[in-house]
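> Residue numbers (this note's numbering): 251 to 665.
All C-beta atoms in this analysis are idealised placements derived from N, C-alpha and C, irrespective of residue type, glycine included.
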Ligand SMILES: Cc1cc2nc3c(=O)[nH]c(=O)nc-3n(C[C@H](O)[C@H](O)[C@H](O)COP(=O)(O)OP(=O)(O)OC[C@H]3O[C@@H](n4cnc5c(N)ncnc54)[C@H](O)[C@@H]3O)c2cc1C
Ligand code: HEM
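Take a look at the structure:
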């Protein structure tokens, strides 16, 4: 199967000779299959799905085996991975299961694998690494499928892996024409701003383009190859700096280092910005924003962005917490509300009696709604986002108006 590149929104047409000679397409262009047909036949898809159902119960052991043989046969790829591999083991498997789910939906498959390929640039993954991973993946599947493994299944997997690898490599190489894989950035401030929370401001060494509401992968010098996502709490600034609100989670590797160890002059690395929690320049619907804890960061960036664009949206912001003391960032947001007539800030505290702001977020949202004419941005702990989403859809908000970041690995949430 072959793929070509199209600008979002444009009509797919065969490439003309002139088009083929044009400069490379920028990163936001889409890779799409030339022929919108599943890359595999229904029989091959059935073979792959049947083999997955055999190995799925043995998945944990299979992925341990996969990495063991990958690192034994190809020691040169070991330095790309973090020293501790537990989290990554689960992610690879979930990615493969997602790919198997999407194998008969070429558009989503290409979007998913393209995103994964671009995201792999920050790990230092190269075209030449793919055959090694493919070989070890097939060897692991064969071993754990046991007698269920046949030559037909091996052929179907080889073909499927080839399609996925082609899309990942193509998207990564296309991306490499327009931007770096990582951006070094110097820490310029670290300011404590709440219990176990710090504002960490960094200045990228080269221009770093992102949109308010997006999030960024960060690698610190103390834990190389351990990438974690953090959301800038500011809209893009003229001086190019980004401020992250980081909460040190108990036992947390990267968050603890950023909150307690980072000092001005330290250099971190940023991956490319990700996420769709951004404002559509063409739409001026009123906004409902719901934030809990450091989930306020991307919402704060969105509020700054609305201000930058002249306050053309009415913004209703709800801050949720269990107790008044945990109500993070409220003073800062109230100060912003004093400056901007279009911004209203309300708190919701679930486990403490505070007149005026007593109640869980879903209760408070239901009380002040309806919100079905608003564009909604949710950010915070997973249970909070899930329950707010549920309340809003039950009260008539269309799911495609509700935006939130992925709860886990960005690539795994992108289809
Ligand atoms: C899209 C996205 C945006 C994010 N934005 C921000 C942000 O702006 N600010 C911010 O502080 N964090 C943010 N996070 C969370 C952040 O990416 C890390 O997961 C978090 O800092 C923990 O990383 P760690 O290396 O310190 O912990 P790890 O070493 O990965 O984990 C250590 C222990 O903490 C637990 N743990 C991991 N994450 C959390 C958590 N969030 N809450 C409670 N326990 C946890 C783990 O299960 C493990 O037991 C975001 C996450 C995502 C997916
Ligand atoms: C079909 C092919 C592949 C799939 C489906 C896949 C999938 C994934 C996924 C889902 C993640 C987690 C991403 C994240 O945390 O944001 C990941 C991480 C990673 N992948 Fe791949 N990958 C593939 C090929 C490769 C290849 C060829 C290499 C190069 C050796 C590679 C190296 C890595 C590294 C170094 C990480 C980071 C590990 C970590 O942070 O714990 N991957 N991969």
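(1) How big is the Cα-Cα spacing for residue 378 and residue 369?
(2) According to DSSP, simplified to helix, strand and coil, what is residue 528?
(3) Check whether the region 471 to 484 and the region 533 to 548 are in contact - that is, three or more C-beta pairs closer than 8 Å.
(4) Identify which residue in 649, 520 and 556 has its Cα closest to the Cα of residue 430.
(5) For the beta strand (DSSP E) containing residue 629, name the first residue and the last one.
(6) Please return the same chain residues whose Cβ sits closer than 7 Å to the Cβ of residue 507, not counting the five positions on each side in sequence.
(7) Quick check on DSSP: helix, strand or coil for residue 534?
(8) Apart from the five residues on each side of it in sequence, which residues of its chain come closer than 7 Å, Cβ to Cβ, to residue 602?
(9) Taking all protein chains shown into account, decide if residue 646 is buried (16 or more other Cβ within 10 angstroms of its Cβ) or exposed.
(10) Is any heavy atom of ligand 2 found at a distance shorter than 8 Å from the C-beta of residue 332?
(11) Whole angstroms are fine: how far does the CA of residue 328 sit from the CA of residue 391?
(12) Given that a residue counts as buried once 16 or more other Cβ atoms are within 10 Å of its Cβ, and exposed if not, what is residue 648?
(13) Just to confirm, does residue 467 get its C-beta within under 8 Å of one of the non-hydrogen atoms of ligand 2?
(14) Using DSSP with H/G/I as helix, E/B as strand and the rest coil, what is residue 281?
(15) What residue ranges within the region 532 to 590 form continuous alpha helix (DSSP H) runs of no fewer than 4 residues, ordered along the chain?
(16) For residue 435, which three-state DSSP category applies?
(17) By alpha-carbon positions, which one of 491, 583, 406 and 315 ends up nearest to residue 452?
(18) Just how far apart, CA to CA, sit residue 400 and residue 479?
(19) For residue 483, which three-state DSSP category applies?
(20) So, for residue 653: in the same chain, excluding its five sequence neighbours on each side, which residues have a beta-carbon less than 6 Å away from its beta-carbon?
(21) Look up residue 513 in the DSSP assignment and say whether it is helix, strand or coil.
(22) Roughly how many angstroms lie between the CA atoms of residue 437 and residue 291, to the nearest whole one?
(23) Are residue 637 and residue 611 close, meaning C-beta to C-beta below 9 Å?
(24) Exposed or buried, which one is residue 306 when buried takes at least 16 other CB atoms within 10 Å?
(25) Quick one: residues in its chain with C-beta nearer than 8 Å to the C-beta of residue 300, no 5 flanking neighbours on either side, listed in chain order?
(26) For the beta strand (DSSP E) holding residue 594, just list the boundary residues, first then last.
(27) Does the beta-carbon distance from residue 625 to residue 533 come in below 9 Å?
(28) With H, G and I counted as helix, E and B as strand and the rest as coil, what does DSSP make of residue 477?
From the atom records:
(1) Here residue 378 is taken as the residue at index 128 of the chain shown, counted from 1. Here residue 369 is taken as the residue at index 119 of the chain shown, counted from 1. Those two C-alpha atoms are separated by around 17 Å.
(2) Taking the first residue of the chain shown as 1, we reach residue 528 at position 278. Three-state result, residue 528: coil.
(3) yes
(4) Looking up residue 430 in the chain shown gives position 180. Ranking 649, 520 and 556 by Cα distance to residue 430 puts 520 first.
(5) Along the chain shown, read from residue 1 onward, the residue named residue 629 stands at position 379. Taken as a continuous stretch (DSSP letters only), the beta strand (DSSP E) holding residue 629 covers 625 to 629.
(6) As a first step, residue 507 is located in the chain shown; it is residue number 257 there, counting from the start. These residues qualify, in order along the chain: 470, 472 and 473.
(7) Your numbering for residue 534 matches position 284 in the chain shown. In this structure, residue 534 counts as coil in the three-state DSSP scheme.
(8) Numbered from its first residue, the chain shown carries residue 602 at position 352. 573 and 574, listed in sequence order.
(9) On the chain shown, residue 646 is found 396 positions in, with the first residue counted as 1. When all chains shown are included, residue 646 counts as exposed.
(10) Stepping through the chain shown from its first residue, residue 332 is reached at position 82. At least one heavy atom of ligand 2 is nearer than 8 Å to the Cβ of residue 332, so yes.
(11) Walking along the chain shown from the start, residue 391 turns up at place 141. Walking along the chain shown from the start, residue 328 turns up at place 78. Using only the alpha carbons, I get a separation of about 21 Å.
(12) Residue numbering aside, residue 648 sits at position 398 when the chain shown is read from its first letter. Label assigned to residue 648: exposed.
(13) Stepping through the chain shown from its first residue, residue 467 is reached at position 217. Yes - ligand 2 has a heavy atom lying nearer than 8 Å to the Cβ of residue 467.
(14) Translated into the one-based positions of the chain shown, residue 281 becomes position 31. Note that residue 281 scores 43 on pLDDT, short of 50, meaning its location in the model is unreliable; the coordinates nonetheless yield the value given after this. In the structure shown, residue 281 sits in a strand (DSSP, three-state: E or B).
(15) 546 to 558 and 580 to 589
(16) One-based indexing of the chain shown puts residue 435 at position 185. Residue 435 falls in the strand class under three-state DSSP.
(17) Within the chain shown, numbered from 1, the residue matching residue 452 stands at position 202. Comparing Cα-Cα distances from residue 452 to each of 491, 583, 406 and 315, the minimum goes to 491.
(18) Taking the first residue of the chain shown as 1, we reach residue 400 at position 150. Taking the first residue of the chain shown as 1, we reach residue 479 at position 229. So the two alpha carbons sit approximately 41 Å from each other.
(19) Here residue 483 refers to the residue found at position 233 of the chain shown. It is coil, neither helix nor strand.
(20) Locating residue 653 in the chain shown gives position 403, counting from the first residue. The residues are 527 and 627.
(21) The residue you call residue 513 lines up with position 263 of the chain shown. In this structure, residue 513 counts as coil in the three-state DSSP scheme.
(22) As a first step, residue 437 must be located in the chain shown, where it is residue number 187. As a first step, residue 291 must be located in the chain shown, where it is residue number 41. C-alpha separation (whole angstroms): 52 Å.
(23) Numbered from 1 along the chain shown, position 387 holds the residue referred to as residue 637. Numbered from 1 along the chain shown, position 361 holds the residue referred to as residue 611. Cβ distance < 9 Å, so residue 637 and residue 611 count as in contact.
(24) For the purposes of this step, residue 306 is taken as residue 56 along the chain shown, with counting starting at 1. Looking at its Cβ environment, which holds fewer than 16 other Cβ atoms inside 10 Å, residue 306 is exposed.
(25) Indexing the chain shown from 1 puts residue 300 at position 50. Correct list, in chain order: 398 and 403.
(26) What you label residue 594 is simply residue 344 of the chain shown in a count that begins at 1. Run containing residue 594: 593 to 599, per the beta strand (DSSP E) assignment.
(27) Within the chain shown, the letter at position 375 stands for residue 625. Within the chain shown, the letter at position 283 stands for residue 533. Cβ atoms of residue 625 and residue 533: closer than 9 Å.
(28) Walking along the chain shown from the start, residue 477 turns up at place 227. In this structure, residue 477 counts as strand in the three-state DSSP scheme.
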